[in-house]
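Written below as structure tokens is the structure these notes are about.
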Amino acid sequence: MAKKSKQSRFGNPAKAAADVAARANAMSLRDARLDRAMEALSPGFALWLESQGSDDAGIDMSLMNLDDFFDMYRILEPQTDAMSLAPEAVGQVLDAATAASPQSTFALRSAVRDYVGYLAQASLWTGTHGELEELAELFKQPAWPGLDPTPNRDALVPPLEGAGNDDLLERDSATDGDLVDPEDYDFPEVYVPELTAELVAATVDGSPLWKNIESILAWVGGGRDVTTKGALRKKNRAEAAAALTHSGAGILDEAIRSSATPAELEAETLNRLKLYWYLLSSLGLIKFDAGRAVLPSHIKERLEFEESRLELFRDVLGQFIFISTLAGSEPGSYTGWHVDMASFMAECATENPPESALLVHALESPETVHPDLYILAKNVASWAAEGLVAVDDHVTVPPAFRPDLVEMLKEDFPVKAVGPGAGLDLAELRSAG
Numbered sequence: 001m002a003k004k005s006k007q008s009r010f011g012n013p014a015k016a017a018a019d020v021a022a023r024a025n026a027m028s029l030r031d032a033r034l035d036r037a038m039e040a041l042s043p044g045f046a047l048w049l050e051s052q053g054s055d056d057a058g059i060d061m062s063l064m065n066l067d068d069f070f071d072m073y074r075i076l077e078p079q080t081d082a083m084s085l086a087p088e089a090v091g092q093v094l095d096a097a098t099a100a101s102p103q104s105t106f107a108l109r110s111a112v113r114d115y116v117g118y119l120a121q122a123s124l125w126t127g128t129h130g131e132l133e134e135l136a137e138l139f140k141q142p143a144w145p146g147l148d149p150t151p152n153r154d155a156l157v158p159p160l161e162g163a164g165n166d167d168l169l170e171r172d173s174a175t176d177g178d179l180v181d182p183e184d185y186d187f188p189e190v191y192v193p194e195l196t197a198e199l200v201a202a203t204v205d206g207s208p209l210w211k212n213i214e215s216i217l218a219w220v221g222g223g224r225d226v227t228t229k230g231a232l233r234k235k236n237r238a239e240a241a242a243a244l245t246h247s248g249a250g251i252l253d254e255a256i257r258s259s260a261t262p263a264e265l266e267a268e269t270l271n272r273l274k275l276y277w278y279l280l281s282s283l284g285l286i287k288f289d290a291g292r293a294v295l296p297s298h299i300k301e302r303l304e305f306e307e308s309r310l311e312l313f314r315d316v317l318g319q320f321i322f323i324s325t326l327a328g329s330e331p332g333s334y335t336g337w338h339v340d341m342a343s344f345m346a347e348c349a350t351e352n353p354p355e356s357a358l359l360v361h362a363l364e365s366p367e368t369v370h371p372d373l374y375i376l377a378k379n380v381a382s383w384a385a386e387g388l389v390a391v392d393d394h395v396t397v398p399p400a401f402r403p404d405l406v407e408m409l410k411e412d413f414p415v416k417a418v419g420p421g422a423g424l425d426l427a428e429l430r431s432a433g
């Protein structure tokens with residue numbers, strides 16, 4: 001992770017954020033040229049991504065991330081050449097994005113890496129070969145957002161089975177970008193209490209995740225303009241983000257706001273909007289037709305009935321858990337980041353969930369803690385914002401969400417449920433209710 005003391009070429013973050021806002025209302029000739037160049041390049045890039053195995057939702061997200069990247073990049077390089085990127089400026093953008101949202105930076109980094117790869121393979125790159133090599137090296141480090149290539153992350157992972165504290169201190173870092181075997185780790189047991197259909201329904205109805213899904217679907221309404229690949233147009237982003245009014249981050253959000261710059265907060269808002277747009281598009285809650293995002297008729301019908309609404313929510317919840325713990329993984333292939341996130345989330349669903357004080361401190365004073373703890377705190381804050389965890393003195397996964405948490409993680413990690421609700425089928429619970 002970039003050191004917080006590193007001088008940023010963005011200068012005054014508040015001014016940088018204001019510059020971005022100003023461009024939305026008064027586009028310069030340079031910006032117009034860049035936008036025109038990207039409109040011309042985007043179809044070819046989308047086809048290239050498709051040839052690499054990306055699905056429509058992944059392509060949409062890559063294009064939106066690339067758009068956000070250039071919004072920041074052209075602050076550093078006003079005379080932007082869309083077919084030649086300055087490595088130093090790219091690094092500055094990634095550093096700034098990491099400070100705002102470590103979890104989302106992985107997607108941003110991947111989009112820019114893929115874009116540069118497309119330019120090179122299509123013989124469209126106008127920069128030097130040396131710059132390509134520098135960018136290739138930049139995209140290698142780190143494998144996960146904000147993590148040093150070889151950090152000491154023992155404090156963030158569950159202990160190896162049978163290992164004492166001395167073993168943990170002596171062993172090499174097994175949780176950096178290298179692959180690890182989850183079976184080598186002793187995962188917490190998820191405690192599922194007795195659940196009722198009424199409790200599950202009430203938890204879902206009160207969830208910020210579901211409230212925001214309903215709000216942004218209402219905003220989409222009869223249709224909203226999108227790009228040819230389904231990305232929100234800039235003119236609509238602020239209004240769409242304003243629909244995401246619900247949050248459960250509480251004291252973690254207060255801690256973030258006490259130390260974050262205006263530019264970092266704006267980046268978080270955009271990242272949250274990208275998350276929701278991805279959830280909507282990847283799960284088929286919206287479809288794209290003739291340059292418009294619209295609600296499919298069958299989704300409108302499902303939203304009218306409680307049982308089908310609950311099924312939709314569980315789809316959204318499962319996808320969010322996957323993004324938060326398994327993004328970038330392949331079956332049987334995991335890094336320490338995956339172990340860290342999955343094990344900590346499981347710990348939040350135990351009878352003895354972790355306390356929140358250390359995370360609050362990390363967000364209030366990021367320069368005083370290990371970078372890995374700061375990254376964990378930022379990620380947990382993103383879970384809390386959507387209600388995946390509740391935060392007071394402790395960080396706790398709501399009991400109603402624990403069966404889905406186990407269901408989502410059990411095929412990849414040694415996670416098991418205990419307690420009177422272990423093994424409960426929520427669909428059968430609804431039928432019985």
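Residue numbering for the sequence shown follows the UniProt record's numbering, beginning at 1 and increasing consecutively. All residues carry an ideal CB built from backbone N, CA and C; glycine is no exception. All values reported here derive from a predicted model rather than from experimental measurement.
- Here residue 421 is buried: its Cβ has 16 or more other Cβ atoms, across all protein chains shown, within 10 Å.
- Take residue 269, set aside five residues on each side of it, and the residues of its chain with a beta-carbon closer than 6 Å to its own are 241, in chain order.
- The three-state secondary structure of residue 180, taken from DSSP, is strand.
- In terms of CA proximity to residue 181, 329 leads the group 329, 426, 429 and 135.
- When the beta-carbon positions are compared, residue 324 and residue 60 stay at least 7 Å from each other.
- Of 254, 392, 232 and 360, the smallest CA-CA separation from residue 67 is found for 232.
- Non-local beta-carbon contacts of residue 188 in its own chain, meaning distances under 6 Å to residues more than five positions away in sequence, involve 346, 347 and 350 in chain order.
- Less than 7 Å divides the Cβ of residue 243 from the Cβ of residue 219.
- For residue 287, the uninterrupted beta strand (DSSP E) segment begins and ends at 287-289.
- Ranked by how close their Cα comes to the Cα of residue 208, the residues 369, 272, 301 and 115 have 272 in first place.
- Counting only residues of its own chain and dropping the five nearest sequence neighbours on each side, residue 235 has no CB closer than 7 Å to any other CB.
- Between residue 87 and the set 134, 70 and 44, the nearest pair of CA atoms involves 134.
- Runs of the alpha helix (DSSP H) lying entirely within the segment 217-291 and spanning at least 4 residues, in chain order: 234-242, 251-259 and 262-282.
- Under the rule that a run must span 3 or more residues, no beta strand (DSSP E) segment is found entirely inside the segment 95-136.
- For residue 377, the CB contacts under 6 Å within the same chain, skipping 5 residues up- and downstream, are 359, 362 and 363 in chain order.
- Residue burial annotation: residue 266 is buried, with at least 16 other C-beta atoms found within 10 angstroms of its C-beta.
- Within the segment 381-420, the complete alpha helix (DSSP H) segments at least 4 residues long are 402-409, listed from N- to C-terminus.
- Residue 317 places its beta carbon less than 7 Å from that of residue 404.
- Residue 397 places its beta carbon less than 7 Å from that of residue 389.
- For residue 341, the uninterrupted alpha helix (DSSP H) segment begins and ends at 336-347.
- Contact check for residue 226 and residue 291: beta-carbon distance about 6 Å, within the 8 Å limit, so the pair qualifies.
- The segment 76-85 makes no contact with the segment 293-305, as fewer than three CB pairs between them are under 8 Å.
- When DSSP states are grouped into helix, strand and coil, residue 202 belongs to the helix group.
- Contact between residue 327 and residue 106 is confirmed by a C-beta separation of about 7 Å, below the 8 Å threshold.
- For the options 230, 91, 252 and 131, the alpha carbon positioned closest to that of residue 385 is the one of 252.
- For the 7 Å CB-CB criterion, residue 413 and residue 342 form a contact.
- When 183, 56, 93 and 301 are compared, the shortest CA-CA separation from residue 333 is found for 183.
- Straight-line spacing of the CA atoms in residue 248 and residue 354 works out to 17 Å.
- Taking every protein chain shown into account, the CB of residue 126 has fewer than 16 other CB atoms within 10 angstroms, so this residue is exposed.
- One alpha carbon belongs to residue 371, the other to residue 299, and they sit about 42 Å apart.
- Your pair residue 200 and residue 426 checks out as a contact, with CB atoms roughly 6 Å apart and the cut at 8 Å.
- Closest in alpha carbon position to residue 285, among 313, 124, 429 and 55, is 313.
- Ranked by Cα distance from residue 64, the options 275, 310 and 429 are led by 275.
- Under a 10 Å Cβ-count criterion, residue 78 is classified as exposed, with fewer than 16 other Cβ atoms of the shown protein chains found around its own Cβ.
- Assignment of alpha helix (DSSP H) within the segment 292-379, counting only whole runs of 4 or more residues, yields 297-302, 306-326, 336-347 and 357-364 in chain order.
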